[in-house]
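There are 2 protein chains.
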Amino acid sequence: MMAEVSIKTASRVLNNDPSVAPATRAKVLEAMRELDYRPDPAARSLRAGRDRSVGVVVEGIGDVFVASLVASIESRLSDAGYQVLITSSHRDVSRERAIVQDFQQRRCAGVIVMPGSENSLEGLRLGDLPVVFVDRVGEFPGSQSVVSDDFGLARIAGQHLTSHGHRRIAIVSDSQSVPTTRDRHAGFRQAMADGGITFDPDLVRDDCLDESYVRDAIDQLFALEHPPTALIATNTRLSLGVVPALHLVGRTDTAFLAFGDFPMAESLTPAITAIDHSPHRLGQIAAETLLARLEPGAIDVSTEPIVVPAGLIVRGSGELPPRPTTQNPSAAIPAGAT
Amino acid sequence: MMAEVSIKTASRVLNNDPSVAPATRAKVLEAMRELDYRPDPAARSLRAGRDRSVGVVVEGIGDVFVASLVASIESRLSDAGYQVLITSSHRDVSRERAIVQDFQQRRCAGVIVMPGSENSLEGLRLGDLPVVFVDRVGEFPGSQSVVSDDFGLARIAGQHLTSHGHRRIAIVSDSQSVPTTRDRHAGFRQAMADGGITFDPDLVRDDCLDESYVRDAIDQLFALEHPPTALIATNTRLSLGVVPALHLVGRTDTAFLAFGDFPMAESLTPAITAIDHSPHRLGQIAAETLLARLEPGAIDVSTEPIVVPAGLIVRGSGELPPRPTTQNPSAAIPAGAT
DNA sequence: TCGAGGCATGTCATCGTTGTCATTGGAACA
DNA sequence: TGTTCCAATGACAACGATGACATGCCTCGA
Numbered sequence: 003m004m005a006e007v008s009i010k011t012a013s014r015v016l017n018n019d020p021s022v023a024p025a026t027r028a029k030v031l032e033a034m035r036e037l038d039y040r041p042d043p044a045a046r047s048l049r050a051g052r053d054r055s056v057g058v059v060v061e062g063i064g065d066v067f068v069a070s071l072v073a074s075i076e077s078r079l080s081d082a083g084y085q086v087l088i089t090s091s092h093r094d095v096s097r098e099r100a101i102v103q104d105f106q107q108r109r110c111a112g113v114i115v116m117p118g119s120e121n122s123l124e125g126l127r128l129g130d131l132p133v134v135f136v137d138r139v140g141e142f143p144g145s146q147s148v149v150s151d152d153f154g155l156a157r158i159a160g161q162h163l164t165s166h167g168h169r170r171i172a173i174v175s176d177s178q179s180v181p182t183t184r185d186r187h188a189g190f191r192q193a194m195a196d197g198g199i200t201f202d203p204d205l206v207r208d209d210c211l212d213e214s215y216v217r218d219a220i221d222q223l224f225a226l227e228h229p230p231t232a233l234i235a236t237n238t239r240l241s242l243g244v245v246p247a248l249h250l251v252g253r254t255d256t257a258f259l260a261f262g263d264f265p266m267a268e269s270l271t272p273a274i275t276a277i278d279h280s281p282h283r284l285g286q287i288a289a290e291t292l293l294a295r296l297e298p299g300a301i302d303v304s305t306e307p308i309v310v311p312a313g314l315i316v317r318g319s320g321e322l323p324p325r326p327t328t329q330n331p332s333a334a335i336p337a338g339a340t
Numbered sequence: 003m004m005a006e007v008s009i010k011t012a013s014r015v016l017n018n019d020p021s022v023a024p025a026t027r028a029k030v031l032e033a034m035r036e037l038d039y040r041p042d043p044a045a046r047s048l049r050a051g052r053d054r055s056v057g058v059v060v061e062g063i064g065d066v067f068v069a070s071l072v073a074s075i076e077s078r079l080s081d082a083g084y085q086v087l088i089t090s091s092h093r094d095v096s097r098e099r100a101i102v103q104d105f106q107q108r109r110c111a112g113v114i115v116m117p118g119s120e121n122s123l124e125g126l127r128l129g130d131l132p133v134v135f136v137d138r139v140g141e142f143p144g145s146q147s148v149v150s151d152d153f154g155l156a157r158i159a160g161q162h163l164t165s166h167g168h169r170r171i172a173i174v175s176d177s178q179s180v181p182t183t184r185d186r187h188a189g190f191r192q193a194m195a196d197g198g199i200t201f202d203p204d205l206v207r208d209d210c211l212d213e214s215y216v217r218d219a220i221d222q223l224f225a226l227e228h229p230p231t232a233l234i235a236t237n238t239r240l241s242l243g244v245v246p247a248l249h250l251v252g253r254t255d256t257a258f259l260a261f262g263d264f265p266m267a268e269s270l271t272p273a274i275t276a277i278d279h280s281p282h283r284l285g286q287i288a289a290e291t292l293l294a295r296l297e298p299g300a301i302d303v304s305t306e307p308i309v310v311p312a313g314l315i316v317r318g319s320g321e322l323p324p325r326p327t328t329q330n331p332s333a334a335i336p337a338g339a340t
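Sequences listed follow chains Y and B, in order.
At position 26 of the first sequence the residue is numbered 28 (my numbering), and the sequence of numbers has no breaks.
At position 168 of the second sequence the residue is numbered 170 (my numbering), and the sequence of numbers has no breaks.
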């Protein structure tokens, strides 16, 4: 660096300091190009106390919903010149806290968190680290959440099924300790109330931590004296378990509505009706929201949750009529099929 | 830090320096616990010249195959105490090079790359940065690749179809500039040769950069004078395009074999026969391979590609017989369906 | 012509950690 | 008891960048 022209005025050039003569700046830039010089992020981070990186904490990137969420976050932030650090919490709240703390330690400019529970970061001392929660409402001083209208969408989902004549509707979900899940249950209950349907706890399965639990839940639901004629799954991962389970037990005549669209949904028989709370949009808006907070002048940022619109994609499975009351299992096979 | 007991002997404790008295070590550890002290990664990285982080470069994390590959890499490395930096190249080789260079700049302990082409890193000066290529063979001095037996698996796939009587088999793929794709083409051609089938360039579509190109390719294939009776897609993403396309044009009577398994494959009608080159396993082994190279004593590491075993999952679509020769498009609808 | 003022640039210290070398104190040996 | 030696610890510089401050020079006005 010293070879070409000036000494550590180079720093000023890098930081766009206006007090550098245009000629000098040009010379320095030329020299940097020639030497293929790149500033050292570690040194910069150490001295300046900030780093052009953003930490992202999610449950697990393997999940299709999460993958697409993360993809859009990464794409946006990386275009903005940030290095993206992604770590999975594997649904362990203490791990989630530790990861966020580590991100702060690493001087991340900000973090985007898909929280395991509202108060997962409670009591953490993060200084003025900008925090944006995504897909699930989180609580943290000064933070902002980017979510879907879980209550409203679940209510619409429930109403969609009741409007097709269903009165025994089961809901398959993970634990209600997850805020999003709780809201979806609430919306579902509201829809049932709207339709004058009595709440039946037998039809509520909030014990499906992942798709591997779904098979048993489905079996048990159909073993009930009055089995459901319709099902709702509260997240994409569980839908990916429900569909094969219905096929396996030959009960694809059951109406099914998926929370979260997924690949192949339209090619299945029946094609799957889904609430599309676009992970792509969610991620994009979360990234934008964080970027806005990283702007130098960002002071009066809102902390109100941002609700990203979503819609119902009608494809068939959600519009199946209630199966005629019968105890004959052969009715599971649609008439006309060979 | 100075408050409790000793001064910067703490560094020795952190680095497990044997020349620290057990009693002192205990006191320091206690003090660190009490003060919730955590070493600063930036300072450490700056001074020590290495960082407990690993860079991962993939095409795009949104892809289901990639997501699951990355998930297992992340899981393994993060358990080993490494911070994982994930960046997508979006299939841009120059971007890929820049990302890897940036990783080196950041003093990553090593990188895992899903290369856009064999020689994508050619000429890059990375010092002794350990490089592991995954899913695709890459070339770089001292690197190692963790891949599937693309040639062999594609050959098996082709033979599977010919053994069911097909002689007009189309292959749908992305560009053959991707090494993996090229190998799969080669295996496919070999299978055709094995079966004494003349190569027909009309049946080779290597212009499907992503699923959005598939629809047109399928249309054109079926518009041929002698349309194919069977199809192979060379990657998961394209399969996700082929299946809906076949449903759309009502040609699900076409035999189909997917390279790469995917969710819902078994619930489709027909269920999809697939080569399962487990991304989970691939990722895990790539991570292990890199970790082995990060061991202090790792000198004589092999640079031979590691081939991860995979298998054919028979589900139905790949075993459909050739459609009887007819020009009547209504034959596309299986007899007996309404 | 001289001084004030501002622009352009340089000097120095510093971020938190670790490598190198110096220092201390006590045990072991002659 | 004196000397040697080693184990345990401390002092100091340095990694590469930047913030605070100092300096030099040129312009402009009196």
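From the three backbone atoms N, C-alpha and C, an ideal C-beta is built for every residue, glycine too.
Bear in mind the structure is a predicted one, so any value in this text is a computation, not a measurement.
Backbone CA spacing between residue i and residue j [nearest angstrom]
i, j, result
"L205 (chain Y)", "P143 (chain B)", "60 Å"
"G197 (chain B)", "T231 (chain B)", "15 Å"
"P324 (chain B)", "L233 (chain B)", "11 Å"
"L123 (chain B)", "A45 (chain B)", "29 Å"
"C1 (chain Y)", "S214 (chain Y)", "Look at the range of chain Y in this structure, 3 to 340, and you will see that residue 1 (chain Y) is not part of it."
"A273 (chain B)", "S319 (chain B)", "6 Å"
"L163 (chain Y)", "I173 (chain Y)", "12 Å"
"S91 (chain B)", "I101 (chain B)", "8 Å"
"S21 (chain B)", "K29 (chain B)", "15 Å"
"N18 (chain Y)", "T26 (chain Y)", "12 Å"
Neighbouring residues, chain Y, relative to residue i (Cβ below 8 Å)
i, result
"G320 (chain B)", "By Cβ distance, chain Y contributes nothing, its closest Cβ being about 16 Å from G320 (chain B), past 8 Å."
"P265 (chain B)", "V66, L242, F264, P265, M266"
Local Cβ density within 10 Å of residue i, reported as buried at 16 or more and exposed below that
i, result
"T200 (chain B)", "exposed"
"A50 (chain B)", "exposed"
"D38 (chain Y)", "exposed"
"R40 (chain Y)", "exposed"
"A257 (chain B)", "buried"
"R184 (chain B)", "buried"
"T2 (chain B)", "Look at the range of chain B in this structure, 3 to 340, and you will see that residue 2 (chain B) is not part of it."
"E61 (chain Y)", "buried"
"D152 (chain Y)", "buried"
"A12 (chain B)", "buried"
"T305 (chain Y)", "exposed"
"N237 (chain Y)", "buried"
"R207 (chain B)", "buried"
"G189 (chain B)", "buried"
Listed by chain order, chain B residues near residue i by CB distance under 8 Å
i, result
"L126 (chain Y)", "Those within 8 Å of L126 (chain Y) in chain B number zero; the least Cβ separation is about 11 Å."
"V86 (chain Y)", "L87, I88, T89"
"E268 (chain Y)", "P246, H249"
DSSP three-state assignment for residue i, whether helix, strand or coil
i, result
"R108 (chain Y)", "coil"
"A159 (chain Y)", "helix"
"D19 (chain Y)", "coil"
"A225 (chain B)", "coil"
"L314 (chain Y)", "strand"
"I63 (chain Y)", "coil"
"I101 (chain B)", "helix"
"S55 (chain Y)", "strand"
"A276 (chain B)", "strand"
"L87 (chain Y)", "strand"
"Q146 (chain Y)", "strand"
"R207 (chain B)", "strand"
Residue i vs residue j beta-carbon contact at 8 Å
i, j, result
"E76 (chain B)", "I277 (chain Y)", "no"
"L292 (chain Y)", "V134 (chain Y)", "yes"
"G154 (chain B)", "I171 (chain B)", "no"
"V86 (chain Y)", "L79 (chain Y)", "yes"
"S269 (chain Y)", "H249 (chain B)", "yes"
"D176 (chain Y)", "L126 (chain Y)", "no"
Proximity test, residue i beta-carbon vs the ligand SAM heavy atom, cut-off 7 Å
i, result
"P323 (chain Y)", "Only the bare structure without any ligand can be found here, which leaves the ligand SAM out of the picture."
Closer than 7 Å at the beta carbon, the chain B residues around residue i
i, result
"A45 (chain Y)", "L48"
"G62 (chain Y)", "A73"
Neighbour list for residue i in chain B, Cβ cutoff strictly below 9 Å
i, result
"A2 (chain Y)", "There is no way to answer for residue 2 (chain Y), as the model of chain Y reaches only from 3 to 340."
"E227 (chain Y)", "Chain B residues near E227 (chain Y): none, gap ~28 Å exceeds 9 Å."
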